[in-house]
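If you read the sequences in order, they're chains E and Z. Residue numbering for the first sequence follows the working numbering, starting at 1 and increasing by one per position. Residue numbering for the second sequence follows the working numbering, starting at 1001 and increasing by one per position. Glycine included, C-beta positions come from ideal geometry on N, C-alpha and C. Below is one structure, written out as structure tokens; the observations come after it.
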Amino acid sequence: MNKNRLLVLFSTFLISLILMTAGCVDQESTQNSITASDMDAGSEKVDVVRLSGGDYGYPQPFSIYPRGPGSSKVGMIFDCLVERSDTGIVPWLAESWETSSDGMEYTFHLREGVSWSDGEPLTASDVKFTFDYEQENIPVSGGIEDGVVDSVQVLDDTTVKFILTQPVSTFLYEMTGFKVIPKHIYEAIDDPTSFLDPEAVTGTGPFLLEEYNKEHGTYRFVTNENFWGSETAVEAVEFVPVSDELISFEQGEIDFTRISPDTLERFTSDPDVRVAQQPAFWGYQFYFNMNKCTELSDKKIRQAFVYAIDREELVEKIGRGAGKTGEMGILPVDHIWYNSDQPEYAYNPDKAGELLDEAGWTDTDGDGIRDKDGEKLSYILSLGSSEVRIGELIKERLDEVGIDVQVKALESKSRDANLNTGDFELAISGFGGWGRDADYLRTRYCDTNSGAGSVASGAAIFGYHNDTLNALGTKELQELDDEKRKEIVYEMQTVLAEDIPTIPLYYTTKYDAWRISTYDGWVSAYDHHAKTHCIFSYLERD
Amino acid sequence: MRNDRNSFIFRLLLTLFVILVINFFLPRMMPGDPFSTTSDDDSGDEVIIMTEEQRQYYMNYYGLDKPVHEQFLVYLKNLLKADLGRSIYYKMPVSDVIMLHLPWTMFIVLASTVISTIAGVILGTFSAKNRKKGSDRIMMTGLIAFAEIPSFLLGLIMLLIFSVHLRLFPLAGAITPFAHYSGLGEQLWDILYHACLPVMTLSLAQLTGVYLLTRNTLITVTTKDYIRTARAKGLGEKTVWTRHALRNALLPVVTRAGFMIGIMMGGVVLVESVFSYPGIGMTLRSAVVGRDYPLIQGILLVIAVSILICNLLVDKIYSKLDPRVTI
């Protein structure tokens, strides 16, 4: 019978498919066969901590994916000369360093007795090699920007000197992302992006990659017994795929999760779950395009926008309380160099109206929209589809002071493209990195373009120019004394808060939750909100 | 006859070429490029924002700085050598990425096509036999209402009931992480166990269509003269239904099953992301988000080709079921 034959055909096909998939699973097997040796009998080390996974690429500096938390996985295996802790920049592979008085030379003294996980010793030539190699092969993240370093010299086995092209105050900060790779392995590799052998993840760091499965998005890191630094506090860290972080956490499949304010209550009564608020280092920014809409070059109009937009309301209604209102000096309150003494802009629609009146924009024809010389104060606000509610609230507030806004929601990549090319009038975009070195004030808002700018995040500001700020930015980049530099950064915040080149709307402060009984050692770096990204989270601390 | 075959092959090649052109140019018409992200997806996540030098370096590395028509020619040339190019995001050959993920999708799509077709035919036959009785009415209303639930919502409901509350099935993934199997049997069991919920979700989402089609065609068929003739010949009710009615009613159902595979390839994206299942749908989604042109092209090509193959198969099966039809 035909029907029967059909069924048989289908089922045979199905079974062969199952076998095929089974075959695939078999092939992947383990990538790395190094197994952790026996644990110290006496230590109370946690066996394993499980975190939310997904495929972010093979964890070496050239093959990791440029999205998501990939580079923190590279950091579990590879070390930098200096590292960012919860308090600041601390010695790491380099035990100490000196800066020449003109700020052009940095001499690093490497720790003695550090070896790669294959037993080879780490030397200064590995550091020089990494720099030279990365001139040709740019790593996904953490490379030193073009034109900052002129050359690297090996003085002896444990001393290495970086010679800069100009004094750059952020050099040490940049070095916290410069992951040293083994010369004896990488020198033979022409195309490191496709170098996915087990040797590619030979590092000096606290962990070894025991297993990585691209297909299923799982990683298993185990303690590197030969790690030079303090003991790891967890024997192994596993990343497993989850459908929903919160559910997986409640079911005990993962030990750490990010939670939204709505679900906070479920955990506050559980004595085994610790909940902590993240620092406010992720924010939404409101952009003006002063090239396209020249009237926006008038400071008064930009200030009117700030007075008219109720940032408290955004935190309450959109962020559901989990956020901090935007500071017009740009740096968030949690930033180490935040200046509390800067012009304040509380929500004040009357003041906004006065400023617009002063600038000559009044509603002459009674349609509720201000105008001047026959032109209406009317804008298109471009934003990503996830920012629509922010846009709608802002539209309402601006309508009240006579500024007409049409919200145009785009797919986020399209909005990014418009932000890059300047094809927008007003825009909103959200991004992280607000806790980084304050030099981003210079790279984002100064149009001097004096070379270094690798801590930049967010898009450029179109048509903004401020001489005072440019001068301060240039000074800040060259100032090597941290205290003096901090003062300049404070001043820059005051200038920015007066001038309003952009409006930070609000910074999100999500919550982290973790199970104390499994592991309680979470800590975040001073400049970043993610505790799971900080290498100190996995190490013993005093 | 020979002419027919020639024109058939010509049409096939033309279709393929049109598909190739669309696959190539459509992704490139989307705004943005793989390296110019300035914002993050979700609050809290962070993307690496590239400097202009990095961007230029990568554009050059992947040949994206060449004129588009040149890129297209290179693509066609490589395609003739069965080379689909290198994925920008995954940094490995596109064919490898597809081979890693496609079997999982094929597996759940085919399994759920088979399940929903069989279940739909059985339920449809039952309904047609009991037409206008209470059981038919209840079943029809129930299934139609059910069909209105979007598949990802259905997936979420299934996940909440079976995985979270009853803890019968795993929450995510296609295998137990870091599992080391003692034998093939154990491995197969693990795979089936993880595939259960996604397959059930997809099957349920497709069930109503098959059910309605079977029921309605059966009802139409049973009014035909040859059924009356069969009954008049004194054939048993069972023979009349299976040999005469169902066989004829099956034609559109088989056609539908063939097309369904193509449609499901699209719907599977959402279901896969609910269950975090490592199929091609999830991969396509991240390829589009990351503007990974070679990977988007590759996946769309594979999907298009498999739909073409399905259609050909349906034609073949059709002519087997109904000897009057020739292709």
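Buried or exposed, going by whether 16 or more other CB atoms sit within 10 Å of the CB of Lys484 (chain E)?
Along the first sequence, read from residue 1 onward, the residue named residue 484 (chain E) stands at position 484. The residue is exposed, with fewer than 16 neighbouring Cβ atoms inside 10 Å.
By the criterion of Cβ-Cβ separation under 8 Å, what are the contact partners of Arg1291 (chain Z) in chain E?
If you number the second sequence from 1, residue 1291 (chain Z) lands on position 291. Under the 8 Å cutoff, chain E gives Lys413.
Quick one: Cα of Asp365 (chain E) to Cα of Tyr507 (chain E), how far?
Indexing the first sequence from 1 puts residue 365 (chain E) at position 365. Indexing the first sequence from 1 puts residue 507 (chain E) at position 507. Using only the alpha carbons, I get a separation of about 39 Å.
Please decide whether Ile330 (chain E) counts as near chain Z, where near means a Cβ-Cβ distance under 8 Å.
On the first sequence, residue 330 (chain E) is found 330 positions in, with the first residue counted as 1. Not closer than 8 Å to any Cβ of chain Z, the Cβ of Ile330 (chain E) fails to qualify, so no.
Indicate whether Gly142 (chain E) and Ser71 (chain E) have their beta-carbon atoms separated by less than 8 Å.
As a position in the first sequence, residue 142 (chain E) is number 142, starting the count at 1. As a position in the first sequence, residue 71 (chain E) is number 71, starting the count at 1. The answer is yes: Cβ separation under 8 Å.
So with CB distances below 8 Å, who are the chain Z contacts of Pro241 (chain E)?
Numbered from its first residue, the first sequence carries residue 241 (chain E) at position 241. Here the neighbours are Ala1172, Gly1173, Pro1177, Ser1276, Pro1278.
According to DSSP, simplified to helix, strand and coil, what is Pro1093 (chain Z)?
By 1-based counting over the second sequence, the position of residue 1093 (chain Z) is 93. It is a strand residue.
Could you check if Met76 (chain E) is buried or exposed, using at least 16 other CB atoms within 10 Å of its CB as the buried criterion?
Counting from 1 along the first sequence, the entry for residue 76 (chain E) is found at position 76. Buried, because 16 or more other Cβ atoms sit within 10 Å of the Cβ of Met76 (chain E).
Looking at chain E, is there any beta carbon in it that lies within less than 8 Å of the beta carbon of Leu1100 (chain Z)?
Residue mapping note: residue 1100 (chain Z) aligns to position 100 of the second sequence, counting from 1. For Leu1100 (chain Z), the answer is yes, since a Cβ of chain E falls inside 8 Å of its Cβ.
Would you mind working out which of E:Glu83, E:His335, E:Glu358, E:Gly177 sits nearest Gln303 (chain E), comparing C-alpha positions?
Working through the first sequence from its first residue, we reach residue 303 (chain E) at position 303. Comparing Cα-Cα distances from Gln303 (chain E) to each of E:Glu83, E:His335, E:Glu358, E:Gly177, the minimum goes to E:Glu358.
Against chain E, with Cβ distances strictly below 8 Å, would Val1164 (chain Z) count as a contact?
Position 164 of the second sequence, counted from the first residue, corresponds to residue 1164 (chain Z). Taking Cβ atoms only, chain E reaches closer than 8 Å to Val1164 (chain Z), which makes this a yes.
Within this structure, are the beta carbons of Ile500 (chain E) and Met328 (chain E) separated by less than 8 Å?
Residue mapping note: residue 500 (chain E) aligns to position 500 of the first sequence, counting from 1. Residue mapping note: residue 328 (chain E) aligns to position 328 of the first sequence, counting from 1. Yes, the Cβ-Cβ distance between Ile500 (chain E) and Met328 (chain E) is below 8 Å.
What did DSSP end up calling Glu540 (chain E) once you bin it into helix, strand or coil?
Translated into the one-based positions of the first sequence, residue 540 (chain E) becomes position 540. Of the three classes helix, strand and coil, the one that applies to Glu540 (chain E) here is coil, per DSSP.
Shortest alpha-carbon distance to Trp514 (chain E) belongs to which of E:Ala276, E:Leu172, E:Pro241, E:Ile64?
In the first sequence, counting from the first residue as 1, residue 514 (chain E) sits at position 514. Selected option, being the one with the closest Cα: E:Ala276.
Give me the Cα-Cα distance between Trp92 (chain E) and Gly54 (chain E), rounded to the nearest whole angstrom.
By one-based count along the first sequence, residue 92 (chain E) stands at place 92. By one-based count along the first sequence, residue 54 (chain E) stands at place 54. One C-alpha to the other measures close to 29 Å.
Val237 (chain E) lies in the beta strand (DSSP E); which residues open and close that run?
Position 237 of the first sequence, counting from 1, holds the residue named residue 237 (chain E). Segment 234–240, the beta strand (DSSP E) holding Val237 (chain E).
Helix or strand or just coil, what does DSSP make of Tyr506 (chain E)?
What you label residue 506 (chain E) is simply residue 506 of the first sequence in a count that begins at 1. Residue state, collapsed to three classes: strand.
Using the beta-carbon count (16 or more within 10 Å), is Thr1220 (chain Z) buried or exposed?
Position 220 of the second sequence holds residue 1220 (chain Z). With fewer than 16 Cβ atoms within 10 Å of its Cβ, Thr1220 (chain Z) is classed as exposed.
Label His1069 (chain Z) either buried or exposed according to how many other C-beta atoms from any shown protein chain fall within 10 Å of its C-beta, with 16 as the threshold for buried.
For this step, residue 1069 (chain Z) is matched to residue 69 along the second sequence. Label assigned to His1069 (chain Z): exposed.
According to DSSP, simplified to helix, strand and coil, what is Thr1255 (chain Z)?
Indexing the second sequence from 1 puts residue 1255 (chain Z) at position 255. Reduced to three states, the DSSP call for Thr1255 (chain Z) is helix.
So which residues on chain Z does Arg266 (chain E) lean against when the C-beta distance must stay under 7 Å?
Position 266 of the first sequence holds residue 266 (chain E). Those within 7 Å of Arg266 (chain E) in chain Z number zero; the least Cβ separation is about 13 Å.
Cβ of Ser378 (chain E) within 8 Å of Cβ of Ile390 (chain E)?
Position 378 of the first sequence, counted from the first residue, corresponds to residue 378 (chain E). Position 390 of the first sequence, counted from the first residue, corresponds to residue 390 (chain E). Cβ distance not < 8 Å, so Ser378 (chain E) and Ile390 (chain E) don't count as in contact.
Could you tell me which residues DSSP pairs with Cys80 (chain E) in its beta bridges?
Taking the first sequence and counting its residues from 1, one reaches residue 80 (chain E) at position 80. Its beta-bridge partners are E:Lys179.
Check whether the region 146–164 of chain E touches the region 118–134 of chain E, counting contact only when three or more Cβ pairs, one atom from each stretch, lie closer than 8 Å.
Yes, since at least three Cβ pairs between the region 146–164 of chain E and the region 118–134 of chain E fall closer than 8 Å, the two stretches touch.
Can you tell which of E:Trp282, E:Phe424, E:Leu539 has the C-alpha that lies nearest to the C-alpha of Pro504 (chain E)?
The residue you call residue 504 (chain E) lines up with position 504 of the first sequence. Checking every option, the nearest Cα to that of Pro504 (chain E) belongs to E:Trp282.
If you measure from the beta carbon of Leu1159 (chain Z) to each beta carbon in chain E, is any gap under 8 Å?
Residue 1159 (chain Z) sits at position 159 when you count from the first residue of the second sequence. Answer yes: the Cβ-Cβ gap between Leu1159 (chain Z) and chain E drops below 8 Å somewhere.
Closer than 7 Å, Cβ to Cβ, to anything on chain E: give me those residues from the region 1067–1088 of chain Z, in chain order.
Under the 7 Å Cβ criterion, the region 1067–1088 of chain Z contributes no residue.
So Leu1318 (chain Z) contacts chain E; which residues on that side make the cut at Cβ distance below 8 Å?
Within the second sequence, numbered from 1, the residue matching residue 1318 (chain Z) stands at position 318. Correcting the residue type first, residue 1318 (chain Z) is Tyr in the shown sequence and not Leu. Simply none; closest approach about 11 Å.
Measuring straight from C-alpha to C-alpha, what distance separates Lys300 (chain E) and Leu398 (chain E)?
Within the first sequence, numbered from 1, the residue matching residue 300 (chain E) stands at position 300. Within the first sequence, numbered from 1, the residue matching residue 398 (chain E) stands at position 398. Taking the straight line joining both Cα atoms gives about 15 Å.
Contact criterion: CB-CB distance below 8 Å. Does Leu1312 (chain Z) meet it with respect to chain E?
Looking up residue 1312 (chain Z) in the second sequence gives position 312. Leu1312 (chain Z) does not count as touching chain E.
Run through chain E and tell me which residues come within less than 7 Å of Glu1053 (chain Z), C-beta to C-beta.
Your numbering for residue 1053 (chain Z) matches position 53 in the second sequence. Within 7 Å Cβ-Cβ: Asp146.
Would you say Thr193 (chain E) and Val82 (chain E) are within 8 Å of each other, going by their C-beta atoms?
Counting from 1 along the first sequence, the entry for residue 193 (chain E) is found at position 193. Counting from 1 along the first sequence, the entry for residue 82 (chain E) is found at position 82. Taking 8 Å as the Cβ cut-off, Thr193 (chain E) and Val82 (chain E) do not qualify as a contacting pair.
What residues from chain E crowd round Tyr1211 (chain Z), counting only those whose CB sits closer than 8 Å?
For this step, residue 1211 (chain Z) is matched to residue 211 along the second sequence. Correct list: empty, because the minimum Cβ distance to chain E is about 18 Å.
Specify, as a first and last residue, the run of the beta strand (DSSP E) that Pro1216 (chain Z) falls within.
Within the second sequence, the letter at position 216 stands for residue 1216 (chain Z). It is worth fixing the name first, because residue 1216 (chain Z) is Asn in this sequence and not Pro. From DSSP, Asn1216 (chain Z) is part of no beta strand (DSSP E) but of the alpha helix (DSSP H) over 1184–1221.
For the beta strand (DSSP E) that Thr263 (chain E) lies in, which residues bound it at each end?
Translated into positions along the first sequence, residue 263 (chain E) becomes position 263. Premise fails: Thr263 (chain E) is in no beta strand (DSSP E) and is neither H nor E.
Please name the residue, chosen from E:Glu387, E:Glu95, E:Tyr519, that lies closest to Ala124 (chain E) on a Cα-to-Cα basis.
Position 124 of the first sequence, counted from the start, is the residue given in the question as residue 124 (chain E). Of E:Glu387, E:Glu95, E:Tyr519, the residue nearest in Cα terms is E:Glu95.
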